[in-house]
Amino acid sequence: MECVKVDLVTVTYKNRDGRTVEVEVDPDDSSILDLSHKKISSIDLESVVAIPGLTKLDLSRNTFTHPLDLSPLSSCKTLESLDLFKNQFDQVDLTPLKGCKSLTELNLGANNLSEIDLSPLKGHTNLRRIRLFNNQLSDVDITPLAKCTGLEYLEIESNALTEIDLSPLAGCSALKQLNLMYNQLTNIDLSPLSSCLGLHFLYLHHNKLQDIDLSPLASCTKLRILRLAGNQLSEVDLKPLNTCRALRRVGLAMNRIEEIDLSPLVKATELSFLDIAGNRLKEVDLTPLSGCTSLSELYLHSDHPTDNEFGSLDLTPLFGCPDLEDLTVSDSTRLVADSKYSKGKGIPYALEELADEGRIHWE
(Lines of atoms letter the chains of each structure in order from A and count residues from 1; the text may use other names and numbers.)
(Lines give C-alpha, C1' and ligand atoms only; values in the text may rest on other atoms or scores of the structure.)
Protein backbone atom coordinates (compact mmCIF):
# COMPACT_ATOMS: atom_id res chain seq x y z
CA MET A 1 0.00 0.00 0.00
CA GLU A 2 1.34 3.39 -0.95
CA CYS A 3 1.86 5.78 1.95
CA VAL A 4 0.21 9.13 1.49
CA LYS A 5 2.54 11.98 2.39
CA VAL A 6 0.98 14.47 4.78
CA ASP A 7 1.79 18.12 4.16
CA LEU A 8 3.15 19.68 7.31
CA VAL A 9 2.08 23.15 8.33
CA THR A 10 4.87 25.54 9.25
CA VAL A 11 4.07 27.97 12.08
CA THR A 12 6.38 30.97 12.35
CA TYR A 13 7.12 33.21 15.30
CA LYS A 14 9.88 35.43 16.70
CA ASN A 15 11.26 35.06 20.20
CA ARG A 16 12.39 37.90 22.42
CA ASP A 17 15.95 37.55 21.11
CA GLY A 18 14.69 38.47 17.64
CA ARG A 19 15.28 34.99 16.26
CA THR A 20 12.73 33.59 13.82
CA VAL A 21 11.53 30.13 14.79
CA GLU A 22 9.66 27.71 12.56
CA VAL A 23 7.61 24.87 13.99
CA GLU A 24 6.31 22.11 11.76
CA VAL A 25 2.90 20.76 12.69
CA ASP A 26 1.34 17.56 11.42
CA PRO A 27 -2.35 18.48 10.99
CA ASP A 28 -3.34 14.82 11.12
CA ASP A 29 -1.62 14.34 14.46
CA SER A 30 -3.22 17.06 16.55
CA SER A 31 -5.75 19.88 16.48
CA ILE A 32 -4.03 21.49 19.45
CA LEU A 33 -1.19 23.98 19.14
CA ASP A 34 0.68 24.60 22.39
CA LEU A 35 3.18 27.43 22.12
CA SER A 36 3.24 28.37 25.80
CA HIS A 37 6.53 29.25 27.53
CA LYS A 38 8.31 29.90 24.20
CA LYS A 39 9.41 33.51 24.89
CA ILE A 40 7.42 34.60 21.83
CA SER A 41 7.49 38.32 21.07
CA SER A 42 5.43 38.13 17.85
CA ILE A 43 3.72 35.43 15.82
CA ASP A 44 2.29 34.99 12.36
CA LEU A 45 -1.27 33.84 13.10
CA GLU A 46 -1.86 33.33 9.37
CA SER A 47 0.48 30.38 9.64
CA VAL A 48 -1.42 29.15 12.69
CA VAL A 49 -4.85 29.13 11.08
CA ALA A 50 -3.40 27.11 8.21
CA ILE A 51 -3.75 24.15 10.56
CA PRO A 52 -7.05 22.60 9.50
CA GLY A 53 -9.47 21.82 12.33
CA LEU A 54 -7.52 23.80 14.96
CA THR A 55 -9.44 23.56 18.25
CA LYS A 56 -7.02 24.87 20.86
CA LEU A 57 -4.40 27.61 20.67
CA ASP A 58 -2.22 28.16 23.72
CA LEU A 59 0.00 31.24 23.62
CA SER A 60 0.23 31.69 27.38
CA ARG A 61 3.31 32.81 29.31
CA ASN A 62 5.11 34.53 26.47
CA THR A 63 6.63 37.99 26.04
CA PHE A 64 4.69 39.75 23.28
CA THR A 65 6.00 43.27 22.74
CA HIS A 66 3.03 44.54 20.72
CA PRO A 67 -0.74 43.97 20.83
CA LEU A 68 -1.59 40.69 19.19
CA ASP A 69 -3.64 40.99 16.01
CA LEU A 70 -6.24 38.23 16.21
CA SER A 71 -7.68 38.97 12.75
CA PRO A 72 -6.55 35.68 11.18
CA LEU A 73 -8.61 33.78 13.78
CA SER A 74 -11.81 35.09 12.21
CA SER A 75 -11.62 32.22 9.74
CA CYS A 76 -10.95 29.60 12.41
CA LYS A 77 -14.47 28.27 12.87
CA THR A 78 -13.33 25.21 14.82
CA LEU A 79 -11.45 27.11 17.55
CA GLU A 80 -12.68 26.07 21.00
CA SER A 81 -10.01 27.42 23.34
CA LEU A 82 -7.80 30.51 23.16
CA ASP A 83 -5.27 30.97 25.96
CA LEU A 84 -3.42 34.30 26.19
CA PHE A 85 -2.68 34.04 29.91
CA LYS A 86 0.24 35.93 31.43
CA ASN A 87 1.56 38.00 28.58
CA GLN A 88 2.04 41.75 28.61
CA PHE A 89 -1.00 42.82 26.63
CA ASP A 90 -2.43 46.21 27.56
CA GLN A 91 -5.10 45.84 24.89
CA VAL A 92 -6.79 43.04 22.98
CA ASP A 93 -9.34 43.44 20.19
CA LEU A 94 -11.69 40.46 20.33
CA THR A 95 -13.58 41.44 17.15
CA PRO A 96 -12.09 38.57 15.10
CA LEU A 97 -13.64 36.10 17.54
CA LYS A 98 -17.13 37.16 16.55
CA GLY A 99 -17.42 34.27 14.12
CA CYS A 100 -15.74 31.70 16.36
CA LYS A 101 -19.00 30.21 17.58
CA SER A 102 -17.32 27.00 18.73
CA LEU A 103 -15.31 28.90 21.35
CA THR A 104 -15.73 27.40 24.82
CA GLU A 105 -12.89 29.04 26.77
CA LEU A 106 -11.11 32.38 26.60
CA ASN A 107 -8.24 33.13 28.98
CA LEU A 108 -6.96 36.71 29.16
CA GLY A 109 -5.80 36.48 32.76
CA ALA A 110 -2.64 38.08 34.18
CA ASN A 111 -2.10 40.73 31.52
CA ASN A 112 -2.15 44.54 31.76
CA LEU A 113 -5.61 45.16 30.36
CA SER A 114 -7.30 48.34 31.58
CA GLU A 115 -10.35 47.82 29.37
CA ILE A 116 -11.98 45.04 27.41
CA ASP A 117 -14.87 44.97 24.94
CA LEU A 118 -16.74 41.68 25.19
CA SER A 119 -19.32 42.51 22.51
CA PRO A 120 -17.76 40.16 19.92
CA LEU A 121 -18.73 37.29 22.24
CA LYS A 122 -22.42 38.11 22.03
CA GLY A 123 -24.46 35.01 21.33
CA HIS A 124 -21.60 32.57 21.85
CA THR A 125 -23.77 29.87 23.35
CA ASN A 126 -20.91 27.37 23.57
CA LEU A 127 -18.75 29.67 25.66
CA ARG A 128 -18.27 28.09 29.08
CA ARG A 129 -15.38 29.97 30.67
CA ILE A 130 -14.08 33.55 30.55
CA ARG A 131 -10.96 34.42 32.53
CA LEU A 132 -10.12 38.10 33.01
CA PHE A 133 -8.43 37.87 36.41
CA ASN A 134 -5.35 39.82 37.49
CA ASN A 135 -5.57 42.73 35.07
CA GLN A 136 -6.17 46.44 35.67
CA LEU A 137 -9.85 46.56 34.77
CA SER A 138 -11.82 49.28 36.53
CA ASP A 139 -15.00 48.61 34.57
CA VAL A 140 -16.35 45.61 32.67
CA ASP A 141 -19.61 45.60 30.74
CA ILE A 142 -20.82 42.00 30.70
CA THR A 143 -24.00 42.81 28.76
CA PRO A 144 -22.75 40.85 25.71
CA LEU A 145 -22.78 37.71 27.86
CA ALA A 146 -26.53 37.85 28.41
CA LYS A 147 -27.18 35.22 25.76
CA CYS A 148 -24.13 33.10 26.48
CA THR A 149 -26.42 30.45 27.88
CA GLY A 150 -23.64 27.90 28.31
CA LEU A 151 -21.45 30.15 30.48
CA GLU A 152 -20.31 28.31 33.62
CA TYR A 153 -17.28 30.25 34.89
CA LEU A 154 -16.76 34.02 34.97
CA GLU A 155 -13.50 35.07 36.62
CA ILE A 156 -12.78 38.78 37.02
CA GLU A 157 -10.91 38.67 40.32
CA SER A 158 -7.86 40.77 41.19
CA ASN A 159 -8.76 43.85 39.19
CA ALA A 160 -9.84 47.39 40.14
CA LEU A 161 -13.62 47.13 39.74
CA THR A 162 -15.61 49.59 41.83
CA GLU A 163 -18.95 48.37 40.49
CA ILE A 164 -20.38 45.78 38.16
CA ASP A 165 -23.88 45.21 36.82
CA LEU A 166 -24.67 41.50 37.05
CA SER A 167 -28.03 41.80 35.28
CA PRO A 168 -26.84 40.00 32.13
CA LEU A 169 -26.14 36.90 34.21
CA ALA A 170 -29.86 36.38 34.69
CA GLY A 171 -29.74 34.68 31.30
CA CYS A 172 -26.78 32.50 32.22
CA SER A 173 -28.63 29.77 34.06
CA ALA A 174 -25.69 27.36 33.72
CA LEU A 175 -23.34 29.61 35.74
CA LYS A 176 -21.39 27.63 38.34
CA GLN A 177 -18.75 30.11 39.49
CA LEU A 178 -18.59 33.89 39.80
CA ASN A 179 -15.27 35.22 41.06
CA LEU A 180 -14.99 38.92 41.89
CA MET A 181 -12.59 38.75 44.83
CA TYR A 182 -9.82 41.31 45.31
CA ASN A 183 -11.51 44.24 43.64
CA GLN A 184 -12.77 47.57 45.00
CA LEU A 185 -16.50 46.87 44.94
CA THR A 186 -18.48 49.04 47.35
CA ASN A 187 -21.87 47.48 46.60
CA ILE A 188 -23.30 44.69 44.51
CA ASP A 189 -26.78 43.54 43.57
CA LEU A 190 -26.94 39.75 43.53
CA SER A 191 -30.55 39.62 42.27
CA PRO A 192 -29.62 38.29 38.81
CA LEU A 193 -28.04 35.25 40.44
CA SER A 194 -31.45 33.97 41.53
CA SER A 195 -31.73 32.53 38.00
CA CYS A 196 -28.39 30.73 38.31
CA LEU A 197 -29.78 27.60 39.92
CA GLY A 198 -26.53 25.67 39.43
CA LEU A 199 -24.28 28.23 41.13
CA HIS A 200 -21.61 26.42 43.16
CA PHE A 201 -19.02 29.08 43.99
CA LEU A 202 -19.39 32.78 44.81
CA TYR A 203 -16.22 34.69 45.67
CA LEU A 204 -16.64 38.28 46.85
CA HIS A 205 -13.94 38.47 49.50
CA HIS A 206 -11.50 41.36 49.82
CA ASN A 207 -13.63 44.14 48.39
CA LYS A 208 -15.14 47.18 50.11
CA LEU A 209 -18.71 45.99 50.50
CA GLN A 210 -20.55 47.71 53.34
CA ASP A 211 -23.77 45.73 53.05
CA ILE A 212 -25.04 42.79 51.08
CA ASP A 213 -28.41 41.16 50.48
CA LEU A 214 -28.03 37.40 50.15
CA SER A 215 -31.74 36.82 49.41
CA PRO A 216 -31.15 35.89 45.75
CA LEU A 217 -29.03 32.96 46.89
CA ALA A 218 -32.05 31.22 48.38
CA SER A 219 -32.70 29.67 44.98
CA CYS A 220 -29.06 28.61 44.58
CA THR A 221 -29.53 25.35 46.42
CA LYS A 222 -26.31 23.87 45.01
CA LEU A 223 -24.11 26.63 46.44
CA ARG A 224 -20.98 25.13 48.00
CA ILE A 225 -18.67 28.05 48.72
CA LEU A 226 -19.52 31.59 49.80
CA ARG A 227 -16.65 33.92 50.62
CA LEU A 228 -17.28 37.42 51.95
CA ALA A 229 -14.18 37.96 54.09
CA GLY A 230 -12.18 41.17 54.05
CA ASN A 231 -15.04 43.58 53.38
CA GLN A 232 -16.64 46.28 55.55
CA LEU A 233 -19.85 44.46 56.43
CA SER A 234 -21.36 45.44 59.76
CA GLU A 235 -24.11 42.84 59.48
CA VAL A 236 -25.04 39.92 57.30
CA ASP A 237 -28.33 38.04 57.27
CA LEU A 238 -27.67 34.38 56.59
CA LYS A 239 -31.37 33.37 56.42
CA PRO A 240 -31.31 32.91 52.62
CA LEU A 241 -28.69 30.19 53.11
CA ASN A 242 -31.25 28.02 54.88
CA THR A 243 -31.97 26.31 51.56
CA CYS A 244 -28.29 25.97 50.61
CA ARG A 245 -27.74 22.57 52.19
CA ALA A 246 -24.76 21.75 49.96
CA LEU A 247 -22.65 24.49 51.57
CA ARG A 248 -19.11 23.42 52.36
CA ARG A 249 -17.26 26.65 53.09
CA VAL A 250 -18.48 30.01 54.43
CA GLY A 251 -16.00 32.83 55.00
CA LEU A 252 -17.02 36.00 56.85
CA ALA A 253 -13.73 36.95 58.51
CA MET A 254 -12.25 40.45 58.69
CA ASN A 255 -15.46 42.43 58.51
CA ARG A 256 -17.19 44.64 61.09
CA ILE A 257 -19.96 42.25 62.06
CA GLU A 258 -21.32 42.92 65.55
CA GLU A 259 -23.86 40.11 65.78
CA ILE A 260 -24.64 37.00 63.80
CA ASP A 261 -27.29 34.29 63.75
CA LEU A 262 -25.90 30.95 62.60
CA SER A 263 -29.25 29.13 62.70
CA PRO A 264 -29.65 29.16 58.89
CA LEU A 265 -26.69 26.77 58.78
CA VAL A 266 -28.35 24.17 60.96
CA LYS A 267 -29.09 21.87 58.00
CA ALA A 268 -25.78 22.39 56.23
CA THR A 269 -24.57 18.90 57.03
CA GLU A 270 -21.73 19.15 54.50
CA LEU A 271 -20.30 22.39 55.94
CA SER A 272 -16.61 21.78 56.65
CA PHE A 273 -15.28 25.35 57.05
CA LEU A 274 -16.65 28.39 58.84
CA ASP A 275 -14.61 31.52 59.53
CA ILE A 276 -16.08 34.44 61.47
CA ALA A 277 -12.81 35.65 63.05
CA GLY A 278 -11.67 39.26 62.83
CA ASN A 279 -15.08 40.80 63.46
CA ARG A 280 -16.62 42.72 66.39
CA LEU A 281 -18.73 39.98 67.92
CA LYS A 282 -19.29 39.89 71.67
CA GLU A 283 -21.27 36.66 71.68
CA VAL A 284 -22.33 33.86 69.37
CA ASP A 285 -24.63 30.89 69.77
CA LEU A 286 -22.93 27.80 68.36
CA THR A 287 -26.01 25.58 68.82
CA PRO A 288 -26.90 25.50 65.09
CA LEU A 289 -23.51 23.94 64.35
CA SER A 290 -24.35 20.77 66.29
CA GLY A 291 -25.89 19.35 63.13
CA CYS A 292 -22.94 20.31 60.91
CA THR A 293 -21.42 16.86 61.19
CA SER A 294 -18.77 17.52 58.52
CA LEU A 295 -17.35 20.62 60.20
CA SER A 296 -13.56 20.35 60.44
CA GLU A 297 -12.45 24.01 60.66
CA LEU A 298 -14.03 26.68 62.81
CA TYR A 299 -12.31 30.03 63.26
CA LEU A 300 -13.71 32.32 65.94
CA HIS A 301 -10.59 34.35 66.68
CA SER A 302 -7.33 35.27 64.97
CA ASP A 303 -4.51 37.78 65.20
CA HIS A 304 -6.33 40.58 63.41
CA PRO A 305 -5.91 44.06 64.98
CA THR A 306 -9.67 44.15 65.57
CA ASP A 307 -11.20 40.87 66.63
CA ASN A 308 -14.12 39.22 68.37
CA GLU A 309 -14.20 39.55 72.14
CA PHE A 310 -16.18 36.66 73.54
CA GLY A 311 -16.42 36.72 77.33
CA SER A 312 -17.41 33.07 77.29
CA LEU A 313 -18.34 30.41 74.77
CA ASP A 314 -20.44 27.30 75.23
CA LEU A 315 -18.69 24.65 73.15
CA THR A 316 -21.25 21.92 73.90
CA PRO A 317 -22.81 21.97 70.39
CA LEU A 318 -19.40 21.27 68.84
CA PHE A 319 -19.28 17.81 70.38
CA GLY A 320 -21.68 16.90 67.58
CA CYS A 321 -18.96 17.67 65.04
CA PRO A 322 -16.78 14.54 65.07
CA ASP A 323 -14.39 15.80 62.38
CA LEU A 324 -13.57 19.11 64.05
CA GLU A 325 -9.77 19.46 63.95
CA ASP A 326 -9.12 23.22 63.93
CA LEU A 327 -10.79 25.60 66.35
CA THR A 328 -9.39 29.03 67.14
CA VAL A 329 -10.52 30.91 70.24
CA SER A 330 -9.00 33.73 72.25
CA ASP A 331 -6.91 32.84 75.28
CA SER A 332 -9.02 35.27 77.29
CA THR A 333 -12.35 33.61 76.45
CA ARG A 334 -13.84 31.35 79.10
CA LEU A 335 -14.80 28.05 77.51
CA VAL A 336 -17.58 25.92 78.96
CA ALA A 337 -19.22 22.63 78.00
CA ASP A 338 -21.70 20.11 79.35
CA SER A 339 -19.96 17.85 81.85
CA LYS A 340 -21.52 14.75 80.30
CA TYR A 341 -18.85 14.99 77.59
CA SER A 342 -15.93 15.30 79.99
CA LYS A 343 -15.16 11.62 80.08
CA GLY A 344 -16.64 10.62 76.77
CA LYS A 345 -14.81 8.81 74.01
CA GLY A 346 -14.51 10.04 70.45
CA ILE A 347 -14.25 13.69 71.41
CA PRO A 348 -13.44 15.86 68.38
CA TYR A 349 -9.71 16.42 68.17
CA ALA A 350 -9.93 20.21 68.47
CA LEU A 351 -11.95 19.92 71.69
CA GLU A 352 -9.73 17.18 73.07
CA GLU A 353 -6.77 19.54 72.75
CA LEU A 354 -8.57 22.27 74.65
CA ALA A 355 -9.64 19.82 77.33
CA ASP A 356 -6.07 18.55 77.73
CA GLU A 357 -4.91 22.13 78.16
CA GLY A 358 -7.46 22.64 80.91
CA ARG A 359 -9.26 25.33 78.91
CA ILE A 360 -12.73 23.81 79.15
CA HIS A 361 -14.82 24.32 82.27
CA TRP A 362 -17.25 21.41 82.63
CA GLU A 363 -20.69 22.41 83.82
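Start counting the sequence shown at 530; every next residue gets the next number (this note's numbering).
Using N, Cα and C, we set each Cβ at its ideal position, and we do this for glycine too.
Query: Would you say the region 848-866 touches the region 801-819, given that touching needs at least three Cβ pairs under 8 Å?; Result: yes
Query: Check the C-beta distance from Leu-746 over to Leu-719 and give it rounded, since I have them as a contact under 8 Å.; Result: 7 Å
Query: Give me the residue from Lys-627, Val-538 and Ser-571 with the minimum Cα distance to Ile-561.; Result: Val-538
Query: Per DSSP, which residues does His-890 bridge with? Please list them.; Result: Val-865
Query: Name the two residues that bound the continuous alpha helix (DSSP H) containing Leu-883.; Result: 878-885
Query: For Tyr-828, which beta-bridge partners are listed by DSSP?; Result: Asp-804 and Thr-857
Query: Does the separation of the CB atoms of His-734 and Arg-753 fall below 8 Å?; Result: no
Query: Three-state secondary structure (DSSP) at Ser-571?; Result: strand
Query: List the DSSP bridge partners of Thr-541.; Result: Glu-551
Query: Can you list, in chain order, the residues of its chain with a C-beta nearer than 6 Å to that of Tyr-828? Leave out the 5 residues immediately preceding and following it.; Result: Asp-804, Ala-806 and Thr-857
Query: Just to confirm the assignment: which complete alpha helix (DSSP H) runs, minimum length 4, are found wholly within the region 563-647?; Result: 574-577
Query: Quick one: is Lys-567 buried, meaning 16 or more other Cβ sit within 10 Å of its Cβ, or exposed?; Result: buried
Query: May I ask you to report which of helix, strand or coil DSSP gives Asn-708?; Result: strand
Query: Give the secondary structure of Phe-848 by DSSP, where H, G and I count as helix, E and B as strand, and everything else as coil.; Result: helix
Query: If the criterion is Cβ atoms closer than 8 Å, does the pair Asn-636 and Leu-613 meet it?; Result: yes
Query: Reducing DSSP to helix, strand and coil, say where Ser-560 ends up.; Result: coil
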